[in-house]
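Novice: Position 427 (the sequence shown) corresponds to 1034 in our numbering; numbering is contiguous.
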Amino acid sequence: MIKQILGRLPRKPSKSADNRELGGASASSLNASISSRKSDLASDRPIHANSIPVLDLDGASRFANRGGSKLPPVVNSKLNGSSVSASYEALPAFRDVPGSEKQILFIKKLNLCCTVFDFTDPAKHLKEKDIKRQTLLELVDHVSSASGKFNETIIQEAIKMVIVNLFRSLSPQSRENKVLESFDMEDDEPLMDPAWPHLQIVYEFFLRFVASPETDAKLAKRYIDQSFVLKLLDLFDSEDPREREYLKTILHRIYGKFMVHRPFIRKGINNIFFRFIFETEKHNGIAEMLEVLGSIINGFALPLKEEHKLFLIRALIPLHKPKCLSMYHQQLSYCITQFVEKDCKLTDTVIRGLLKYWPITSSSKEVMFLSELEEILEATKPAEFQRCMVPLFRQIARCLSSSHFQVAERALFLWNNEHIENLIKQNRRVILPIIFPALEKNGRNHWNQAVHSLSLNIRKIFSDADPELFEECLLKFQEDEAKLEEIKTKQETTWKRLEEIAASKAVSGK
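1) Spatial neighbours of ARG1104 within its chain, please: C-beta separation below 7 Å, excluding the five flanking residues on both sides.
2) If I'm right that ILE924 touches GLY960 with Cβ under 8 Å, what's the distance once you round it to whole angstroms?
3) Straight-line CA distance for ASP823 to LEU984?
4) What residue range is occupied by the uninterrupted alpha helix (DSSP H) comprising CYS1006?
5) For LYS715, collect the residues of the same chain with a Cβ closer than 6 Å to its Cβ; drop the 5 residues on either side in sequence, then sort them by chain order.
6) Between the Cα of THR856 and the Cα atoms of ASN877, ALA818, MET866, which residue gives the shortest distance?
7) Please state whether DSSP places THR968 in a helix, a strand or coil.
8) Once the 5 residues before and after HIS1011 are set aside, which same chain residues still bring their CB inside 6 Å of it?
9) Pop quiz: CYS995 and LEU1039 are said to be a contact at Cβ under 8 Å. What is the actual Cβ separation, rounded to whole angstroms?
10) Shortest alpha-carbon distance to LYS889 belongs to which of ASN718, GLU846, LEU900?
11) Assign ARG1017 to one of three DSSP states: helix, strand, or coil.
12) Ordered along the chain, which non-local residues of its own chain (more than five positions away) have a Cβ less than 8 Å from that of GLU1016?
13) Over what stretch of residues does the alpha helix (DSSP H) that includes ASN1024 continue unbroken?
14) At the level of alpha carbons, what is the spacing between ASN1034 and LEU1063?
15) Just verifying my parser: in three-state terms, what is the DSSP assignment at HIS1053?
16) In angstroms, rounded to a whole number, what distance separates the CA positions of CYS721 and VAL771?
17) I believe PRO870 touches PRO797 by the beta-carbon criterion, under 8 Å. Please report the beta-carbon distance rounded to the nearest angstrom.
18) I need the DSSP call for SER752, collapsed to helix, strand or coil.
19) Go through the region 1040-1103 residue by residue and report every complete run of the alpha helix (DSSP H) that reaches 4 residues or more, in order.
20) To the nearest angstrom, how far is the alpha carbon of LEU1091 from that of LYS1048?
21) What is the rounded straight-line gap between the Cα of ARG1005 and the Cα of TYR935?
22) Look at the Cβ atom of ILE876, then the Cβ atom of VAL836, and state whether they are nearer than 8 Å.
23) Do you know offhand how far ARG740's Cα is from LEU733's?
24) Taking the straight line between their C-alpha atoms, what separation do you get for ALA1072 and ALA1018?
25) On the three-state DSSP scale, how would you describe HIS915?
26) Could you tell me the boundaries of the alpha helix (DSSP H) in which LYS874 lies?
27) For ALA553, count the other beta carbons within 10 Å of its own beta carbon; 16 or more makes it buried, fewer makes it exposed. Which is it?
28) Quick check: GLU973 and VAL1014, are their CB atoms within less than 8 Å of each other?
29) Going by other Cβ atoms of all chains shown within 10 Å of its Cβ, with 16 needed for buried, is VAL704 buried or exposed?
30) Is VAL747 near GLU811, with beta carbons less than 8 Å apart?
31) Please state the DSSP three-state secondary structure of PHE865.
32) In angstroms, rounded to a whole number, what distance separates the CA positions of TRP1102 and PHE1069?
33) Pick out whichever of GLN945, LEU840, LEU826, GLN763 has its Cα sitting closest to the Cα of VAL867.
34) Tell me which same chain residues have a C-beta within less than 6 Å of the C-beta of LEU712, skipping the five on either side of it?
35) Please return the same chain residues whose Cβ sits closer than 6 Å to the Cβ of ALA802, not counting the five positions on each side in sequence.
Take a look at the structure:
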């Protein structure tokens, strides 16, 4: 009896045990748990589900008290380097157990996959890593072929396994301190996660689990909640493009299946964009998030909500500001064009927004802006075009006058688009006087032969369309040139007189 009583008394825990077993962790102990995970990795100890507190926004443990006794016990919460081989064994295949036991086996396999191994040393725990990999593959097949609705316990265990494996601190970026003056980030080799052999299968499992018709959205939303969505969005900053590709597909599936989370997902992406634009200008997943948004915007109902228009004005248009625009410009341009196609009245807002962020010293960004401008103008109606054509063609005239031949050439290519050419012709009395000086100077003495030829061709288009207007513009251009020459002559004469006066005073002073 005395031995039984003494056996129930709590023993003094070791420091390592204190660090790993934080099932009821509070927000204040989060830093300690993170440092514990790092020490586990350093000593090559696998990290188990029960040793990782998965926190909600308020710092409370997700699974500590949720559902009471519904959570089945996990296989072993104290796996370490010495005991892992003895305790980590493969479970029977689903085909080897009767149908009545498959659900229990499914949960056991999920718990088995909650052990996270260190892949920085590829020579350690090879057998256990292979067991986990094979078990994950079995789980993927089982979810794909499931023929009955998943109950709440299975959903809870499945999401717990996903959280333990995926929600981790990302590797520090190797280019953290690089200045993004050029677009070198495009040329850097992406950092591949060494744990990808396991991560990929976990992502595949989660994708099929979310997409499965057997997953009830009403039950699953208790576990795929706002805290889960936030952590999923954080993973988009991963340097591994394979991971971002999976995240993109999964986020889109979650957006489609869990309607209750749609506003929160949009808000979460919005906040990431704000931080990227106005604070860091560093993020790896902007292109993938924009790709998801392109599909979301495509499904917006008409008329567009004010919330969606504000998102365009406050987040999407300012995304043209960062130096690394080239990394996501194609996806951004698609999103912007989707808005214009859905509501033509937004054309003026979008074009004036582009003009606000128009690059001054970056020729490559100017070429991207001109390409996007062509897509927007192609979807623009005449009435909307007239509202913004004056400031727009003032900027195009500056591009035509650019000494960088690619900028001038890309601006001239706008006339290759039949719709844009028709819009210009219909409003030529306003547009031609603005751009005529640039065209005329290019046609006379531009150093690049392609720009010179294109300028002469466009000059001829205007001449054929409205000879009278063309002559008026030519006459005004010649008058302006004569006035400039006269002013230049006067300035030279004045400077010459000043030099003579200065020289005579210097002689008399001696």
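Yeah, the Cβ is synthetic: ideal placement off N, Cα and C, and Gly gets one too.
Specialist: By the coordinates alone:
1) Counting only Cβ-Cβ distances below 7 Å, and skipping sequence neighbours, we find nothing.
2) Contact between ILE924 and GLY960 holds, with the beta-carbon distance rounding to 4 Å and staying under 8 Å.
3) Approximately 44 Å, taken between the alpha carbons.
4) First-last of the alpha helix (DSSP H) with CYS1006: 989-1007.
5) The answer, listed in chain order, is LEU698.
6) Answer by Cα proximity: ALA818.
7) Looking at THR968 - three-state DSSP - the assignment turns out to be coil, as it is neither helix nor strand.
8) So the list reads SER970, once near-sequence residues are dropped.
9) About 17 Å; that fails the 8 Å criterion.
10) Put simply, of ASN718, GLU846, LEU900 the residue whose alpha carbon is nearest the alpha carbon of LYS889 is GLU846.
11) Collapsing the DSSP output to three states places ARG1017 in a helix.
12) Correct list, in chain order: ASN1055, ALA1057, VAL1058, LEU1061.
13) Premise fails: ASN1024 is in no alpha helix (DSSP H) and is neither H nor E.
14) About 20 Å.
15) Coil.
16) Taking the Cα positions, CYS721 is about 6 Å away from VAL771.
17) Contact annotation, PRO870 with PRO797: C-beta distance approximately 32 Å; criterion of less than 8 Å not satisfied.
18) In the three-state scheme derived from DSSP, where H, G and I count as helix and E and B as strand, SER752 is classed as coil.
19) Given a length threshold of 4 residues, each whole run of the alpha helix (DSSP H) inside the region 1040-1103 is given here in chain order: 1056-1072.
20) Roughly 14 Å between the two C-alpha positions.
21) Taking the straight line from one Cα to the other gives about 26 Å.
22) Going by beta carbons, ILE876 and VAL836 fall outside the 8 Å limit.
23) Those two C-alpha atoms are separated by around 10 Å.
24) Rounded to whole angstroms, ALA1072 to ALA1018 spans 20 Å at the Cα level.
25) If DSSP states are grouped into helix, strand and coil, HIS915 belongs with the helices.
26) Membership of LYS874 in the alpha helix (DSSP H) is indicated by the continuous run 869-882.
27) The structure shown does not extend to residue 553, since the chain spans only 608 to 1117, so no value can be given for it.
28) Between GLU973 and VAL1014, the gap from beta carbon to beta carbon is short of 8 Å.
29) With fewer than 16 neighbouring CB atoms inside 10 Å of its own CB, VAL704 falls in the exposed class.
30) In this structure, GLU811 lies closer than 8 Å to VAL747 by Cβ.
31) The three-state secondary structure of PHE865, taken from DSSP, is coil.
32) About 41 Å.
33) With distances taken between Cα atoms, VAL867 lies closest to LEU826.
34) Result list for LEU712: VAL704, in chain order.
35) Sequence-distant Cβ neighbours of ALA802 in its own chain, meaning closer than 6 Å and more than five residues away, are PHE726.
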